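Report on the following structure.
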Amino acid sequence: MAGLSGKRVLLVIGGGIAAYKTLDLIRRLRERGAGVRAVLTRAAEQLVTPLSVASLTGAKVHQDLFSLTDEAEMGHIELSRAADLVVIAPATADLLAKVAHGLANDLASTILLATDKKALAAPAMNLRMWLHPATQRNIARLREDGMLFVGPDEGEMACGEFGPGRMSEPLAIVAAIETALANETALPLPAGIGARSTGILAGKTVVVTSGPTHEPIDPVRYIANRSSGKQGHAIARAAAEAGARVTLVSGPVSVPDPAGVSVVRVETARDMQRAVEAALPADIFVAAAAVADWRVEAEARGKIKKGADRPPTLPLVENPDILAAVSKMRAGRPRLVVGFAAETEQVVDHAKAKLARKGCDLIVANDVSPASGVMGGARNTVHLVGASGVESWPELDKDEVARRLVARMAGLLQGHVRS
Ligand code: CTP
């Protein structure tokens, strides 16, 4: 179960008879804790109904490239990036040929061309189609391009012939997905590409942390908090839009990856610290993550069982303070280090104390008491606490907070304004 928990799979269902097995694949993935979003090609709609796919994934099924509602909710570019892995099952000869040639004339092929994550294909087709030199050429080319494959298996085909071309069984595909996800799935852009050459942060590098961290108790339980990652992701997006090269180190969240940002996904505070260290040096570091302050001293190897007597006690130890560590770096400290303060009372006073204690340049303080609706919500009321005083902003959309913060950070870097 733990293997796929919190992982996000974008499933492209092609129009092969084997599509019925994909329904079982969805069920198996969900049982293991993965989130699945599905895209159906036109041909797949003839073989499985969008309704059955939606019921099994528990999410809207995407079918159209030019759907106004879909684009307004989650554009196809975002859809192609909001996953840890793209899986094509069944991968038909036609779909593979399209990807091999870079065609993008429907939602499925467009997503496969636009994605920034690896794709794993489970081919399914008649054996002559599979053995055809054109298909074999396409497969070889796709492998070179980094596509992963599982199957096809040999066996009796729907058309009565016998040979290679059957889609792998759902559990074999699950195993291949687990293996793929145990490795890096991001497809980074070549150095220097992706950042704008204009904008107030052009030429600057920014590292942002976002979301919660999950601290395991045992293989099935963890300590977490209510952070959604919306504010941190919005800052990463705004910084990229302002021309910066941005690395976003994100805890487990369900918001999509911001476009034009290199995303590193982590689970625990210690993973987050390692990922931040690897992403530095940078001009600016923004710690927007709600890092869990504590973790259990020793994660249990097996599931902790309800005993006959008392509930278990879980001794906690403190997690590393990433913001304080970066603020206090002797060599290579980012020129600007910005922290957040999540408070439920005396917001500004606690933020002032945090600024001094952590040694950062600026604290964005916000009230996260349940009545504020900030945790998980779309809006935020923040106070900027710096060496030169406190500035309170009105209630704003988190995207607007992000844009204003980016403008402020650019000003601070250029020395126009003081923190
Ligand atoms: N932070 C961090 N690493 C931690 C804890 C917090 O980098 N282990 C960062 C957060 O990303 C945020 C800032 O420190 O930018 C303040 O986080 P917050 O949870 O408000 O403060 P704490 O340090 O946890 O202090 P307290 O528990 O006293 O509120």
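Numbering that gives the first Met the number 0 numbers the first residue of the sequence shown as 0 and each following residue consecutively.
The beta carbon of each residue, even a glycine, is placed where N, CA and C say it ideally should be.
This one's a predicted model, so the numbers in the text were calculated from it and none came from an experiment.
With residue i and residue j assumed to form a contact (beta carbons below 8 Å), what rounded beta-carbon distance in angstroms separates them?
i           : j           : result
residue 149 : residue 119 : 6 Å
residue 107 : residue 40  : 5 Å
residue 397 : residue 358 : About 26 Å separates the two Cβ atoms, so there is no contact after all.
residue 409 : residue 199 : 4 Å
residue 229 : residue 186 : No, residue 229 and residue 186 are not in contact; Cβ-Cβ is about 25 Å, not under 8 Å.
residue 384 : residue 360 : Not really, about 10 Å apart at Cβ, beyond 8 Å.
residue 295 : residue 216 : 5 Å
residue 245 : residue 261 : 7 Å
residue 169 : residue 20  : 6 Å
residue 497 : residue 342 : Lying outside 0 to 418, the shown extent of the chain, residue 497 is not represented and no answer is given.
residue 95  : residue 137 : 5 Å
Quick check on the DSSP output: the alpha helix (DSSP H) that includes residue i runs from which residue to which?
i           : result
residue 50  : 49-56
residue 30  : 18-30
residue 417 : No alpha helix (DSSP H) holds residue 417; DSSP gives it neither H nor E.
residue 107 : 106-113
residue 178 : 169-181
residue 298 : First-last for residue 298: undefined, no H or E at that position.
residue 410 : 397-413
residue 467 : Since the first and last residues shown for the chain are 0 and 418, residue 467 lies out of range.
residue 188 : It is not in any alpha helix (DSSP H) - residue 188 carries neither H nor E in the DSSP assignment.
Determine the burial state of residue i: buried for a count of at least 16 other Cβ atoms within 10 Å of its Cβ, exposed for fewer.
i           : result
residue 256 : buried
residue 100 : exposed
residue 419 : This structure cannot settle anything about residue 419, because the visible part of the chain is limited to 0 through 418.
residue 183 : exposed
residue 122 : buried
residue 144 : exposed
residue 301 : exposed
residue 317 : exposed
residue 240 : buried
residue 227 : buried
residue 251 : buried
residue 104 : exposed
residue 51  : exposed
residue 0   : Any reading at residue 0 must be qualified, since the residue scores a pLDDT of 42, below 50, and its modelled position is unreliable; the value itself is stated next. Classification of residue 0: exposed, given that the 10 Å Cβ count is below 16.
residue 9   : buried
residue 272 : buried
residue 214 : buried
residue 391 : exposed
residue 141 : buried
residue 264 : buried
Specify, as a first and last residue, the run of the beta strand (DSSP E) that residue i falls within.
i           : result
residue 382 : 381-385
residue 164 : 161-165
residue 362 : 361-366
residue 217 : 214-217
residue 246 : 244-249
residue 303 : Careful: residue 303 lies outside any beta strand (DSSP E) and carries neither H nor E.
residue 325 : Taken as a continuous stretch (DSSP letters only), residue 325 belongs to no beta strand (DSSP E), being part of the alpha helix (DSSP H) at 321-326.
residue 315 : 315-317
Would DSSP call residue i helix, strand or coil?
i           : result
residue 332 : coil
residue 200 : coil
residue 270 : helix
residue 102 : coil
residue 211 : strand
residue 240 : helix
residue 131 : coil
residue 286 : strand
residue 0   : Unreliable positioning characterises residue 0 in this predicted model, as indicated by a pLDDT of 42, which lies under 50. A coordinate reading is not provided.
residue 44  : helix
residue 93  : helix
residue 78  : helix
residue 155 : strand
residue 252 : coil
residue 231 : helix
Starting from the Cα of residue i, find the closest Cα among the options and give me that residue.
i           : options            : result
residue 220 : 267, 226, 206      : 267
residue 13  : 242, 175, 4, 49    : 49
residue 154 : 165, 208, 275      : 165
residue 27  : 15, 16, 2, 43      : 2
residue 346 : 210, 331, 365      : 365
residue 386 : 170, 31, 351       : 351
residue 38  : 66, 32, 180        : 66
residue 158 : 126, 313, 132      : 126
residue 394 : 377, 406, 407, 405 : 377
residue 62  : 196, 321, 110      : 110
residue 254 : 80, 17, 45         : 80
residue 85  : 167, 42, 34, 207   : 34
residue 160 : 128, 132, 177      : 128
residue 320 : 287, 311, 46, 25   : 287
With 8 Å set as the bound, which would you pick, yes or no: does the beta-carbon of residue i sit closer than that to a beta-carbon of chain D?
i           : result
residue 342 : No chain D is present in this structure, which holds just one protein chain.
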